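J.: For the sequence shown, the residue numbers in our numbering are 2 to 136.
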Amino acid sequence: MTGSLDINASGVSRTGIVRTYKILLSINLLLHLAIGLACLLIPDVVGYYAGLPGPIPDGWTRGWGATLILVTTLYLPGLRDPVGVRAPNIIGLFGRVWMGSVWVFCGGGFLWFAAFDYLWAIILTILYLRVIRST
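Structure below.
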């Protein structure tokens, strides 16, 4: 059977959990896109609100924003088909933990970035494990 009536052994609707994962991942990717665009277009404002010491050369913030947008686009195949295309999702989960750790090491205003990455790593890992178990 397929569709919303496709229930696994634990009674979880496969399409329901996949849909939930895709929605939350979409929200996360849109946040990444917004942050990346802000870094490109208004780097001083991003630095100010992140509590980073100034003055920060605009090039570093813009480079980070461009990299964030690039990494976000690499996630799109995993968003479209999280069951069939697992690599971007799994790499992305490890990447969030890695970046959270980097931000903790940097300290200061970067701790907000660490909290953001760790929170999303936890949420998406829990959901993605449910996606994998439902298949």
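The beta carbon of each residue, even a glycine, is placed where N, CA and C say it ideally should be.
What you are looking at is a predicted structure, and each value in this text was computed from that prediction instead of being measured.
For G66, which option in G55, C40 and G60 has the closest C-alpha, if you only look at C-alpha atoms?
T.: Among G55, C40 and G60, the Cα nearest to that of G66 is on C40.
J.: Along the alpha helix (DSSP H) that carries W118, what are the first and last residues, could you check?
T.: The question names Trp, but residue 118 is Asp in the sequence shown. That run of the alpha helix (DSSP H) goes L112 to R134.
J.: Rank G85, G96 and W61 by C-alpha distance to the C-alpha of V72 and give the top, closest one.
T.: Considering only alpha carbons, the answer is G96.
J.: Helix, strand or coil, according to DSSP, for I43 in the structure here?
T.: Reduced to three states, the DSSP call for I43 is coil.
J.: Would you kindly work out how many angstroms separate the C-alpha atoms of I123 and G101, rounded to a whole number?
T.: Distance between the alpha carbons of I123 and G101: 11 Å.
J.: If I measure Cβ to Cβ from I36 and keep anything under 8 Å in the same chain, skipping five residues before and after, which residues do I get?
T.: Cβ neighbours of I36 beyond the five flanking positions: V47, G66 and L69.
J.: For a minimum of 4 consecutive residues, which ranges assigned as the alpha helix (DSSP H) are wholly contained in the region 31 to 108?
T.: Listed in chain order, the complete alpha helix (DSSP H) runs (minimum 4 residues) inside the region 31 to 108 are 44 to 50, 59 to 75, 77 to 81 and 88 to 107.
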